[in-house]
Amino acid sequence: MRIVIDPGHAGRNIDPGAVHAATGLQEADVALIISRQVARYLLNVGYAVKLTRTEWEQEETDDLSYRTVLANDWGADIFISLHCNSAANQSAEGYEVWTSPGNTLGDKLATCIYGQIAAEFPNRAGRTDYSDGDPDKESRFYVLVYTDAPACLVEMAFISNDEEAALLANAAWRDQYARAIARGVTDYTATLGG
Ligand SMILES: [Zn+2]
Numbered sequence: 001m002r003i004v005i006d007p008g009h010a011g012r013n014i015d016p017g018a019v020h021a022a023t024g025l026q027e028a029d030v031a032l033i034i035s036r037q038v039a040r041y042l043l044n045v046g047y048a049v050k051l052t053r054t055e056w057e058q059e060e061t062d063d064l065s066y067r068t069v070l071a072n073d074w075g076a077d078i079f080i081s082l083h084c085n086s087a088a089n090q091s092a093e094g095y096e097v098w099t100s101p102g103n104t105l106g107d108k109l110a111t112c113i114y115g116q117i118a119a120e121f122p123n124r125a126g127r128t129d130y131s132d133g134d135p136d137k138e139s140r141f142y143v144l145v146y147t148d149a150p151a152c153l154v155e156m157a158f159i160s161n162d163e164e165a166a167l168l169a170n171a172a173w174r175d176q177y178a179r180a181i182a183r184g185v186t187d188y189t190a191t192l193g194g
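Take the sequence shown: its position 191, counted from the start at 1, is 191 in the UniProt record's numbering, and no numbers get skipped.
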């Protein structure tokens with residue numbers, strides 16, 4: 001199993017992603033930290049893992065095709081993009097898992113990851129769309145459409161929300177989150193084993 005973890009945004013001065021206004025916490029940094037932890041957990045249980053961005057700031061990753069080509073050339077079996085959400089309304093909160101439109105293996109992957117996040121964080125709000133029978137939301141995000149592997153994108157929490165930004169800044173909480181995502185991956189691969 002080859003797994004690509006995709007830390008959203010190119011980082012720091014190039015593209016920090018969303019930023020928590022009061023503390024300056026940057027989405028790109030949080031995404032990289034949690035991606036590294038997910039990678040470590042998956043490596044520990046024997047998967048091959050690559051990150052599309054390994055540095056705090058990495059210019060070539062600003063071109064999303066760099067990320068999808070890396071995954072496709074490697075022959076990835078799973079692609080997971082990690083982001084933090086943001087909204088003008090600071091009370092917006094919760095997590096979302098996105099897939100490309102249509103029913104694909106990405107939906108199965110997303111459901112496994114969603115389930116583990118929901119189980120790990122029963123007090124956080126899952127933001128879902130059950131219109132197609134599963135909890136993930138669907139959109140033609142570039143990295144979801146142009147990856148050959150089953151893919152999903154996790155909006156882990158709202159960095160624009162003070163309470164969730166504090167969680168995203170908390171090392172223990174980030175580690176919990178990384179373990180939940182890693183368990184979602186192992187759940188998904190177990191469904192393939194048959
Ligand atoms: Zn983002």
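In this text, a Cβ means the ideal position worked out from N, Cα and C, and glycines have one as well.
Source: prediction; values computed, not measured.
* **Inter-residue spacing [alpha-carbon to alpha-carbon] between V4 and A71** => 6 Å
* Helix, strand or coil: which one does DSSP assign to Y95? -> strand
* To do: Out of Q37, V45, D63 and N44, point me to the one whose CA is closest to I51's CA.
  => As written in the sequence, residue 51 is Leu, which differs from the Ile given in the question. Closest by alpha carbon: Q37.
* **Spatial distance of Y41 from A22 (CA atoms)** => Here the alpha carbons of A22 and Y41 stand approximately 32 Å from one another.
* For P8, is the beta carbon positioned less than 6 Å from some heavy atom of ligand 1? -> For the sequence presented, residue 8 should be read as Gly rather than Pro. Flag set: Cβ of G8 near ligand 1.
* Asked: How about Q116 and A157: are their beta carbons less than 7 Å apart?
  -> The criterion of a C-beta distance shorter than 7 Å is not satisfied by Q116 and A157.
* With DSSP run on the structure shown, which of helix, strand or coil describes A151? -> strand
* Asked: Is the beta carbon of H83 within less than 6 Å of some heavy atom of ligand 1?
  -> yes
* **Coil, strand or helix - V45 by DSSP** => coil
* Asked: Applying the criterion that 16 or more other CB atoms from any shown protein chain within 10 Å of the CB defines a buried residue, is L192 buried or exposed?
  -> exposed
* To do: Can you check the segment 17-97 for any alpha helix (DSSP H) of at least 4 residues that lies completely inside it and give the ranges in chain order?
  => Segments of the alpha helix (DSSP H) lying fully in the segment 17-97: 27-44 and 64-74.
* **Residues sharing a beta bridge with K108, DSSP** => Answer by DSSP bridge pairing: none, since K108 is not bridged.
* To do: Quick one: give me the first and last residue of the beta strand (DSSP E) that D6 is part of.
  => D6 -> beta strand (DSSP E) spans R2 to P7.
* Asked: How is the alpha helix (DSSP H) around D162 delimited, first residue to last?
  -> D162 to L168 is the extent of the alpha helix (DSSP H) around D162.
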